[in-house]
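Okay, so here's the structure we're looking at.
Protein chains: 2
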Amino acid sequence: MAHTSTEESTRILREHIMSGQIHPGERLQQERLARALGVSRTPLRTALSNLANEGLLQYEANRGYTVREFDRKDIVDGYAARAVLEGLAAASVASTGLEFGVIEKMEGWLEVGDSALQHGRLDPIDIDRYRNMNVQFHDEILLRADNRWIAELVRQTQLIPFASNRMIVWQDYDIMKRTHDDHHRICDAIKRRDPFRADYLMREHVNFAGEYLADCIETGRITTTAPDPTPDTLETVK
Amino acid sequence: MAHTSTEESTRILREHIMSGQIHPGERLQQERLARALGVSRTPLRTALSNLANEGLLQYEANRGYTVREFDRKDIVDGYAARAVLEGLAAASVASTGLEFGVIEKMEGWLEVGDSALQHGRLDPIDIDRYRNMNVQFHDEILLRADNRWIAELVRQTQLIPFASNRMIVWQDYDIMKRTHDDHHRICDAIKRRDPFRADYLMREHVNFAGEYLADCIETGRITTTAPDPTPDTLETVK
DNA sequence: ATTGGTCAAATTGCATCCAATCTTGATATT
DNA sequence: AATATCAAGATTGGATGCAATTTGACCAAT
Numbered sequence: 025m026a027h028t029s030t031e032e033s034t035r036i037l038r039e040h041i042m043s044g045q046i047h048p049g050e051r052l053q054q055e056r057l058a059r060a061l062g063v064s065r066t067p068l069r070t071a072l073s074n075l076a077n078e079g080l081l082q083y084e085a086n087r088g089y090t091v092r093e094f095d096r097k098d099i100v101d102g103y104a105a106r107a108v109l110e111g112l113a114a115a116s117v118a119s120t121g122l123e124f125g126v127i128e129k130m131e132g133w134l135e136v137g138d139s140a141l142q143h144g145r146l147d148p149i150d151i152d153r154y155r156n157m158n159v160q161f162h163d164e165i166l167l168r169a170d171n172r173w174i175a176e177l178v179r180q181t182q183l184i185p186f187a188s189n190r191m192i193v194w195q196d197y198d199i200m201k202r203t204h205d206d207h208h209r210i211c212d213a214i215k216r217r218d219p220f221r222a223d224y225l226m227r228e229h230v231n232f233a234g235e236y237l238a239d240c241i242e243t244g245r246i247t248t249t250a251p252d253p254t255p256d257t258l259e260t261v262k
Numbered sequence: 025m026a027h028t029s030t031e032e033s034t035r036i037l038r039e040h041i042m043s044g045q046i047h048p049g050e051r052l053q054q055e056r057l058a059r060a061l062g063v064s065r066t067p068l069r070t071a072l073s074n075l076a077n078e079g080l081l082q083y084e085a086n087r088g089y090t091v092r093e094f095d096r097k098d099i100v101d102g103y104a105a106r107a108v109l110e111g112l113a114a115a116s117v118a119s120t121g122l123e124f125g126v127i128e129k130m131e132g133w134l135e136v137g138d139s140a141l142q143h144g145r146l147d148p149i150d151i152d153r154y155r156n157m158n159v160q161f162h163d164e165i166l167l168r169a170d171n172r173w174i175a176e177l178v179r180q181t182q183l184i185p186f187a188s189n190r191m192i193v194w195q196d197y198d199i200m201k202r203t204h205d206d207h208h209r210i211c212d213a214i215k216r217r218d219p220f221r222a223d224y225l226m227r228e229h230v231n232f233a234g235e236y237l238a239d240c241i242e243t244g245r246i247t248t249t250a251p252d253p254t255p256d257t258l259e260t261v262k
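If you're matching them up, the sequences are chains A and B in order. Residues 25 to 262 in the working numbering are what the first sequence lists, from first letter to last. Residues 25 to 262 in the working numbering are what the second sequence lists, from first letter to last.
What follows is the structure in C-alpha cells.
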C-alpha cells in the first residue's frame, strides 16, 4: 500500500463520519480509536486534526475532538454555496464549449438516468446506477471547468454527514423526473454554449436539491441512500 | 496562552508562507523547522499536515512537504471562485437588508477610503488605513450573509501567497478610485435591497481585482503590499 | 558522458513515554 | 440540599527513540 497510516486513518474516519456510523456529538477518544484502527495515537491524532480542519470535527485544546453536529441551515447553506460554484463551473464549460466526445459521453449518462426512470416509478434496483450517473455528471462538469478551486471548494461543501452528492433521495418519482430533466437542460445549455442558462439551471438544480434533502433528513424520510458500504470495520475492537 | 504548540506552529508557518518568507517550491525539513520554531517534530508534523490540507503545502509520503507553487491561473481561478461566493454573500445581505447601525458603520469605512484617495494621488501613508478598511468592508458582508460555508470557502480562496485580501496594489490612482467606487455602489445596492445589482457589482469587483493582482505579480509590479509584519522570527535558528 | 548499482547518511513515519490538563467522585462546608 | 474543595484516575499534548524509506555520493560498466 502506498499510503501512510495517517492517510488511511483519515480516510476511514471520514467515511465513518460521513455515513453516520460515528454519530454527531460523539466524543472521540484517542486511545480507543487508535486501537480500533490498529494504529498508535500519533497518526490518529494527525488524522483527527485534519478532519477538524475539514470541518467534520470540533476541537478544543486539552478536551479532544467531537463529531460536529449539522443542522438544517448548515445543509441548505452548504448547498447554496455549492450552487453558485457549480453554476460558475457550468457557465465556464458552456462558455468554452466541450469536444464532441465529451458531450457524447455525458449524453450517454443522461440515457442511464432516463432508463432508470422509464417505468414511471422508482425501482430500488436502479438507485445505484442513478447515483453513479449523477456523481459522474456533476464531476465531469467540475473537471471540464478546469478550475481546481471550484472542484476543491465543492468537495468541501459536501463534507456533511448524509449530504454528499452520493446521497440520493430515491422516493418521489415526480421530483426525480424533474431533477433529471435539469440534467438534460444543463447539458443542452452547455451544448448550445449558453453560459447564462447553464449557470441559472445549475444553481436552481443544486439549491433545490439542498432544500429537498434538508426536508427529507428533517422529517426522517431518508431511506436507502447509503452507497457501497465500506469494508473497514471500526466496531470490532470497540 | 490558550493555544497549543500545534496551533501556534500552524499559524506562524501559514503567515510565513503567505508573506513569501518561505519560498514556493522550498522543501520543509522537519528537524530544522522544529528547531526554528522551538517545538518538537510532533506538533510541527501536525501543523504541516494541516497546511497541506489547506493547500499551501504539497505532501508526498516519505518525501516530506514542499511549499506549493502558484501560477497566474491559480490566482485568477481562485478569485473567480471567490467572486461568485462574495457575490452570493452580497446578494444575500441585499436581500435580507441591514440594520441602520451596520449600514452607518459601513458608510464610515467608505469615508475612510474616500479620505485616503482625496488628494488625487496615492500616498503610501494611507495604504494601511485603506487595507484595513477593505478587509473590514468585505468581512462585514461575509459576516452579515450569515452563511458559514461562504465565509470559510472565501477564506480558503485567499490561501495563496501574496493574494489574500490584505494585499493591496497601491500603485495606480485611477484603478484604486474605480475599485473603491465599487465599494460605494455595492453598499448602495445593499441599502436599496437590490440583490441582483449587489451580486453583479461584487463579482465584477472581485474578478477585476484578481486579474489586476495577477498582472501585477507577473510583471513584478508588487511593491509595498505587506501588512503589519509578524514579530515571529524563523530565521534565527536557520 | 551517461546509465546503473551500492551503501552510508539523512530524513521521514510511527510507537512509546512523560508532563500537563481535565474529569470524576467523594468529602467538607454553608 | 446545594455548593465548594480537592485528590486520584483518565485523557490529552508534546518529546524522544527507532525502524523504514529516501537521498546522494561514489564507482563500475556500457
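Ideal placement from N, C-alpha and C gives every residue a C-beta, glycine not left out. Only a predicted model underlies this, so the values are computations on that prediction, with no experimental measurement involved.
Considering Cα atoms alone, identify which of the options is closest to residue i.
i: Met-200/A; options: Ala-107/A, Ala-238/A and Leu-146/A; result: Leu-146/A
i: Val-91/A; options: Asp-150/A, Gly-79/A, Arg-56/A and Pro-67/A; result: Gly-79/A
i: Ile-246/A; options: Ala-222/A, Val-193/A, Thr-203/A and His-204/A; result: Val-193/A
i: Ile-174/A; options: Ala-105/A, Ala-233/A, Arg-96/A and Met-191/A; result: Ala-105/A
i: Ile-41/B; options: Leu-61/B, Thr-70/B, Ala-115/B and Leu-75/B; result: Leu-75/B
i: Glu-164/A; options: Thr-203/A, Asn-77/A, Leu-183/A and Ile-210/A; result: Ile-210/A
i: Arg-155/A; options: Glu-32/A, Val-100/A, Lys-97/A and Met-191/A; result: Met-191/A
i: Ser-116/B; options: Arg-221/B, Asp-196/B and Ser-188/B; result: Arg-221/B
i: Thr-30/A; options: Leu-72/A, Ser-119/A and Phe-161/A; result: Leu-72/A
i: Ala-233/B; options: Arg-202/B, Met-157/B, Asn-77/B and Gln-160/B; result: Arg-202/B
i: Val-63/A; options: Arg-87/A, Thr-28/A and Glu-123/A; result: Thr-28/A
i: Gly-88/B; options: Val-100/B, Leu-57/B and Leu-112/B; result: Leu-57/B
i: Ile-151/A; options: Ala-140/A, Gly-111/A and Thr-243/A; result: Ala-140/A
i: Leu-122/B; options: His-229/B, Arg-217/B, Gly-244/B and Glu-228/B; result: Arg-217/B
How many whole angstroms separate the CB atoms of residue i and residue j, which I take to be in contact at a CB cut-off of 8 Å?
i: Leu-134/A; j: His-207/A; result: 6 Å
i: Phe-186/A; j: Ile-241/A; result: 6 Å
When you compare the CB of residue i with every CB in chain B, is at least one pair closer than 7 Å?
i: Val-117/A; result: no
i: Leu-37/A; result: no
i: Val-108/A; result: yes
i: Ala-85/A; result: yes
i: Ile-192/A; result: no
i: Thr-254/A; result: Confidence at Thr-254/A is low in this model, with a pLDDT of 49, below 50, so its placement is unreliable and the value that follows should be read with caution. Closer than 7 Å: no.
i: Ala-105/A; result: yes
i: Leu-237/A; result: no
i: Thr-203/A; result: no
i: Leu-177/A; result: yes
i: Asn-231/A; result: no
i: Asn-171/A; result: yes
i: Leu-146/A; result: no
i: Glu-259/A; result: Low confidence applies here, because Glu-259/A scores a pLDDT of 46, under 50, leaving its location unreliable; read the following figure in that light. Not an interface residue.
i: Ser-73/A; result: yes
i: Lys-262/A; result: Below a pLDDT of 50, predicted positions are generally treated as unreliable, and Lys-262/A, at 35, falls in that range; no measurement from the model is reported.
i: Thr-181/A; result: yes
i: Asn-158/A; result: no
Helix or strand or just coil, what does DSSP make of residue i?
i: Gly-88/B; result: strand
i: Leu-80/B; result: coil
i: Arg-51/B; result: strand
i: Trp-194/A; result: coil
i: Val-230/A; result: helix
i: Val-63/B; result: coil
i: Ala-187/B; result: coil
i: Ser-116/A; result: helix
i: Gly-132/A; result: helix
i: Ala-169/A; result: coil
i: Ile-246/B; result: coil
i: Ser-33/A; result: helix
i: Leu-122/B; result: coil
i: Gly-111/A; result: helix
i: Asp-147/B; result: coil
i: Leu-208/B; result: What sits at residue 208/B in the sequence shown is His, not Leu. Here His-208/B sits in helix by DSSP.
i: Ile-199/B; result: helix
i: Ile-214/A; result: helix
i: His-263/A; result: The structure shown has nothing for residue 263/A, since chain A only spans 25 to 262.
Of all Cβ atoms in chain A, is any one closer than 7 Å to the Cβ of residue i?
i: Asp-101/B; result: yes
i: Ile-214/B; result: no
i: Ser-188/B; result: no
i: Leu-80/B; result: no
i: Ile-174/B; result: yes
i: Thr-28/B; result: yes
i: Leu-68/B; result: no
i: Met-42/B; result: no
i: Thr-90/B; result: no
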